[in-house]
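Enquirer: Shown below is the structure under consideration.
There are 2 protein chains.
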Amino acid sequence: MIPGLMQTPPLQIIDILKFAATAHPSVEIVSRLVDEPILRSTYANELKRTARAANALAALGVKAGDRVATLAWNTHRHFELFYAVPGMGAVLNTVNPRLFDEQIVFILNHAEAGVLLFDKTFLPLVERLAPQMQTVKHFVMLSAEGVCAAGKVGALCYETLLAAASDDIGWPVVDENAGAMLCYTSGTTGDPKGVLYSHRGVVLHAMASSMNSAFGFDAFDVVMPCSSLFHASAWGLPFAAPMCGCKLALPCEKMDGASLQELIVNEGVTFTGGVPTIWTMYLAYLEQTHQTPGKLKRVVIGGSAVPRAMAETFKKKYGVQVLQIWGMTETAPLGVIATPTPALAALGEEAMDEAIWTRQGRLQFGIELRVVDDDGRDVPWDGESSGALLVRGPWTIRRYYRGANDVADADGWFDTGDIATLDQYGFMRITDRKKDVIKSGGEWISSIDLENVAVACPGVKIAAVIGVPHPKWEERPVLVIEKHDGADLCEQDVLAYLAPHIVKWWTPDAVVFDTVPLTATGKIDKKVLRERYKALLS
Amino acid sequence: MIPGLMQTPPLQIIDILKFAATAHPSVEIVSRLVDEPILRSTYANELKRTARAANALAALGVKAGDRVATLAWNTHRHFELFYAVPGMGAVLNTVNPRLFDEQIVFILNHAEAGVLLFDKTFLPLVERLAPQMQTVKHFVMLSAEGVCAAGKVGALCYETLLAAASDDIGWPVVDENAGAMLCYTSGTTGDPKGVLYSHRGVVLHAMASSMNSAFGFDAFDVVMPCSSLFHASAWGLPFAAPMCGCKLALPCEKMDGASLQELIVNEGVTFTGGVPTIWTMYLAYLEQTHQTPGKLKRVVIGGSAVPRAMAETFKKKYGVQVLQIWGMTETAPLGVIATPTPALAALGEEAMDEAIWTRQGRLQFGIELRVVDDDGRDVPWDGESSGALLVRGPWTIRRYYRGANDVADADGWFDTGDIATLDQYGFMRITDRKKDVIKSGGEWISSIDLENVAVACPGVKIAAVIGVPHPKWEERPVLVIEKHDGADLCEQDVLAYLAPHIVKWWTPDAVVFDTVPLTATGKIDKKVLRERYKALLS
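Sequence order for the protein chains is A and B. The working numbering applies: residue 1 is where the first sequence begins, and numbers increase by one. The working numbering applies: residue 1001 is where the second sequence begins, and numbers increase by one.
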């Protein structure tokens, strides 16, 4: 090989905001805030405020490589920290405030964060946990002067710090492989694990996710991230949107129908995304108030399978396209997204909708997928054969933060822990989590497939299927149902509903009615359910 | 800084084709060929043929780092070499066959190419120049068996080599900064200069140019590159199109209206691009034959300013959007492209069209622009103040091939040699080449602005404005006009036409009627004109 002779500037996160401030200076970022009115800013202004934030943090002693933590909602201030902290060569640790106290404490101590910035909502939480925080020296409340409260921790005021800081800064040149964002995953077992995104990974992810195979942003889009900024960077939207010159509407923590509709209509939101629960509430709100979703064109839904009725309502009633998406903290997070292709379109609109609504999505440039059997051999791409889902690429994890060993193998393949299929159209479907799949008499039953059928049964609010130890078959499925308020439903009704939709040997051995416990990230906590019902079939 | 913990696979060109073959295996690549019927292939098949090509080249002795040259049109075989040669860690040197003999010889000897692959068209050229080629050991004709001719150089047959080669290959891991593509620029002075694109630069360029701010490709697009693959990789379309799963239609050298229309209609072309001359012929063909351009939606036009009438005809008569573009071999080549923005749209459709048709385009993520005065200070972004256009970024040149010094400064800024303005919308307009600007009494006159007015004068086929030495004013403009056949036009007619469109002191001191000489890349050869008329005003 001979060396190429092009320039080799590092890919740096701050360059995204510099670009937006230069090419799209007057494009707005509109933000709800805790106990403050909606704020309107622009990318030009945000670059200046980001410089102030970096100078203010430097004055608090933050240096390159240091970890700076947040407990914060989707606001413009949190957005600024997404650029200020990596911009100065430090690492932003976005902590999920919905975790258990001990997990939050574990994360802050494990990350060794020196500064913690938090929204006013979390003052009681911060006051409660502060005595256990071993490294946090400075607390900063993300509020305006006059709204701020110092509390027992003597919190500084973010806007006071910014007002005192200069907007003149020489952003350092940062190694593109340096750590930039530190996001912890909270499985249902063990301590949270940190995924340390690099500048390079974040920038490449933003470029890839902006393309038409994924989000397909253009400068006319108005993007409203309704997944949390603390949860794998909200699909990286705070990076992709300014890269494409999109206006940003940030909902803070207000995910109720009325609040979302206000932003959607007033700000002309064209693109949003979040977990299905939010959209169930939003559609109910539209129905009740006889409104329509303004200029909204696309809703990206991840976290769990899209209910079919939701996708149909969005499309047929409101002309909004619902796109499934799959990813994980370890993939920064984009894995696949279900956008149309000519090969699918050739099957006709109904078949294409079916594919797009029932599969997590299609292959994207920059993240490779494999589905392998127990011997590590690729299964056929037939949409039927399932196996362990492996991924690799420049925004896929190599090693957890402070981990002793790589979690990707020598060829870069990372085992996602998901069971999936791939089909001839390059679409991937998650059939289960490896630990949730039900092993019945040597065969596998997909808990997710069963849940997807059961949740469509009238009266069912949440359906959870778990494998329960069985004396003869090793495991058999048990269906746990949380009913809608006032729903009248018994085991026979449910089994009768399931019968035409599933093969007979998948029929649950028991249907129980119970409240379904959720994890801090809103997923069904099957570990708790498995423990609760472990003796049901013995 | 602390190291991030994501994977760091190199960005490699071959991964683009691997992705297309995996995610879009049945998407077609359709190619015209010299003396052969139209050929239909797919990305899955192209990856196999690319492996065969690499194995065949290895059998000829090509090793990583070696240069492999082509004299070839826009065909699937040339496309294969865009992947096979960089894929094996070697460098593809795409030579412009329209250059003068001595330039072609210079390039091949300077690049030290060991293998030359060429289309049948160029056999006489190759035979004529072979005795002067100091390093070429193997000649390969890019034809099918039966069509091939060995000629005086004993050329091997590409398809014979491929048929004998295995499609099994372990693509090597290539350093992403290694040289991949070597493109020579031919200015009007001095020897051609080589620009050595890296894998990293090409992949990032393909990602950026795929975004909606630029080409905005999706999997439903059918892309027909009508600029030459040997000319700065035809805007990188052979890389961006497969990355987005677009079908490719390759016109070989057939750029006449009938041939283009056949591909456009039969293959469903949605996107094409090339120099204005091609589209003048194409629009005339549509007019004469009363046809419409099928599914064509966008035509990207670069190389010189888009004639207003052409843009209006495309839009108003055929619903096709014309987008200007600017770039150079040294920028791989995307610099800016004139796509809509909300800020422009707010001005109304006419004003937006005006902006998009009269400016080269807007800022793109990944390439930074500055316009500076003689003291190196940024001029105001007011659309009026002009200065030297500087660029930098990961697909901008650092140094010419075998050059002794960097041509970008310590901060990465490369002086393009163009004079330009930037406006508040982030749109750049080229007002002149630095060497063509006319210095009259301490003020600058833009030769391009004058030409754009003059070319709209009825009867004018080509208008060229040059600065001619003047005893009092240093230089004064002279307008050289090549008339349409049979046009009746005199100096007074032209001056009368210009008067209402220009400030008085820009009025040319002389209008002469002559044939206008063009360079090998189709640009007006002002060097020749300046020499021819140097004494006109003395």
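Note that beta-carbon positions come from the ideal geometry of N, C-alpha and C, so glycine has one too.
Since A:Leu92 contacts A:Val136 with CB under 8 Å, what's their CB separation in whole angstroms?
Expert: The pair is not a contact, with the Cβ atoms about 14 Å apart (cut-off 8 Å).
Enquirer: Examine chain B for any beta-carbon lying closer than 8 Å to the beta-carbon of A:Ser198, and answer yes or no.
Expert: Yes, A:Ser198 lies at the interface with chain B (some Cβ there is under 8 Å from its Cβ).
Enquirer: Report the neighbours of B:Trp1395 on chain C: residues whose CB is nearer than 7 Å to its CB, in chain order.
Expert: In the structure shown, chain C does not exist; the protein chains are A and B.
Enquirer: Can you grab the Cα-Cα spacing for the pair A:Gly194 / B:Cys1157, in whole Å?
Expert: Using only the alpha carbons, I get a separation of about 56 Å.
Enquirer: DSSP state of B:Gly1257, grouped into three classes?
Expert: Three-state result, B:Gly1257: helix.
Enquirer: Is it buried or exposed, A:Asp191, if we count other Cβ atoms within 10 angstroms and call 16 or more buried?
Expert: By the neighbour-count rule (16 or more Cβ atoms within 10 Å), A:Asp191 is not buried but exposed.
Enquirer: Is the CB of A:Ala410 under 8 Å away from at least one CB in chain B?
Expert: Closer than 8 Å: no.
Enquirer: How long is the line joining the alpha carbons of A:Leu229 and A:Pro251, rounded to whole angstroms?
Expert: Distance between the alpha carbons of A:Leu229 and A:Pro251 is about 11 Å.
Enquirer: Would you kindly work out how many angstroms separate the C-alpha atoms of B:Ala1408 and B:Gly1327, rounded to a whole number?
Expert: Answer to the nearest angstrom: the Cα atoms are 16 Å apart.
Enquirer: For a contact defined as C-beta to C-beta under 7 Å, what are the partners of B:Met1428 on chain A?
Expert: Simply none; closest approach about 11 Å.
Enquirer: Quick one: which residues of the stretch 1205-1230 of chain B get their C-beta closer than 8 Å to a C-beta of chain A? List them in chain order.
Expert: Flagged, chain order: Met1207, Ala1208, Ser1210, Met1211, Asn1212, Ser1213, Gly1216, Phe1217, Asp1218, Ala1219, Phe1220.
Enquirer: When you compare the CB positions of A:Arg308 and A:Asp167, do they come within less than 8 Å of one another, or not?
Expert: No.
Enquirer: On the three-state DSSP scale, how would you describe A:His231?
Expert: Three-state DSSP puts A:His231 in coil, outside helix and strand.
Enquirer: Which residues in the same chain as B:Pro1238 place their Cβ atom closer than 6 Å to its Cβ, once the five residues preceding and following it in sequence are excluded?
Expert: Excluding positions up to five away in sequence, the list reads Phe1079, Phe1082.
Enquirer: Taking DSSP as the reference, what is the three-state secondary structure of B:Pro1251?
Expert: Residue state, collapsed to three classes: coil.
Enquirer: What runs of the beta strand (DSSP E), each 3 residues or longer, lie entirely inside the stretch 1293-1324 of chain B?
Expert: The qualifying runs are 1298-1301.
Enquirer: Can you find the residues in the same chain that come closer than 6 Å, C-beta to C-beta, to B:Pro1172, ignoring five residues on each side of it along the sequence?
Expert: Same-chain partners within the cutoff: Gly1089.
Enquirer: Only counting the same chain, and skipping five residues up and downstream in sequence, which positions put a Cβ closer than 7 Å to that of A:Tyr400?
Expert: Within the same chain, A:Tyr400 has close Cβ partners Lys193, Gly194, Val195, Val407.
Enquirer: Just mark A:Asp488 as buried or exposed, buried being the case when its beta carbon has 16 or more other beta carbons within 10 Å.
Expert: Exposed, by the Cβ-count rule.
Enquirer: With burial defined as no fewer than 16 other Cβ atoms inside 10 Å of the residue's Cβ, what is the status of A:Trp505: buried or exposed?
Expert: Exposed: under 16 other Cβ atoms inside 10 Å.
Enquirer: If distances are taken between C-alpha atoms only, which option among A:Ile448, A:Trp395, A:Thr519 comes closest to A:Asn177?
Expert: Of A:Ile448, A:Trp395, A:Thr519, the residue nearest in Cα terms is A:Trp395.
Enquirer: Within 8 Å (strictly less), CB to CB, does B:Cys1244 reach chain A?
Expert: It does: the Cβ of B:Cys1244 has a partner Cβ on chain A nearer than 8 Å.
Enquirer: If you follow the beta strand (DSSP E) that A:Glu145 is part of, which residue opens it and which one closes it?
Expert: Premise fails: A:Glu145 is in no beta strand (DSSP E) and is neither H nor E.
Enquirer: Compile a chain-ordered list of the residues in the stretch 231-265 of chain A whose CB is closer than 9 Å to at least one CB of chain B.
Expert: Within the stretch 231-265 of chain A, the qualifying residues are Met243, Cys244, Gly245, Lys247.
Enquirer: What are the residues of the stretch 26-39 of chain A that lie near chain B, defined by any Cβ-Cβ distance shorter than 8 Å?
Expert: Correct list: Ser26, Val27.
Enquirer: Considering only C-alpha positions, which residue in the set B:Ile1448, B:Lys1461, B:Ser1440 is nearest to B:Asp1509?
Expert: Here the closest residue by C-alpha is B:Ser1440.
Enquirer: Measure the C-alpha to C-alpha separation of A:Gly426 and B:Val1336 and round it to an integer number of angstroms.
Expert: Each residue's alpha carbon lies about 33 Å from the other.
Enquirer: Would the beta-carbon of A:Asn74 fall within 8 Å of that of A:Pro225?
Expert: Cβ distance < 8 Å, so A:Asn74 and A:Pro225 count as in contact.
Enquirer: What are the complete beta strand (DSSP E) segments, minimum 3 residues, inside the stretch 423-487 of chain A?
Expert: Correct list: 427-433, 438-440, 443-445, 460-470, 474-483.
Enquirer: Please identify the residue among B:Leu1498, B:Gly1467, B:Leu1060, B:Asp1493 whose C-alpha is closest to the C-alpha of B:Ser1538.
Expert: It is B:Gly1467 whose Cα lies nearest to the Cα of B:Ser1538.
Enquirer: Roughly how many whole angstroms lie between the Cα atoms of A:Val539 and A:Ala464?
Expert: For residue 539 of chain A there is no data in the structure shown, the boundaries of chain A being 1 and 538.
Enquirer: Can you list, in chain order, the residues of the stretch 1166-1184 of chain B whose Cβ is nearer than 8 Å to any Cβ on chain A?
Expert: Listed by position along the chain: Val1174, Asp1175, Asn1177, Ala1178, Gly1179, Ala1180.
Enquirer: My parser needs the alpha helix (DSSP H) runs of 4 or more residues fully inside the stretch 1069-1117 of chain B; what are they?
Expert: Within the stretch 1069-1117 of chain B, the complete alpha helix (DSSP H) runs of at least 4 residues are 1076-1087, 1101-1111.
Enquirer: At a CB-CB cut-off below 7 Å, which residues of chain A make contact with B:Tyr1401?
Expert: Per Cβ cutoff of 7 Å: Leu5.
Enquirer: Return yes when the Cβ of A:Leu422 is within less than 8 Å of the Cβ of A:Trp357, no when it is not.
Expert: No, the Cβ-Cβ distance between A:Trp357 and A:Leu422 is not below 8 Å.
Enquirer: For the stretch 1096-1117 of chain B, list every residue whose C-beta sits within 8 Å of some C-beta in chain A, in sequence order.
Expert: Against chain A - using a Cβ distance shorter than 8 Å - the stretch 1096-1117 of chain B contributes no residues.
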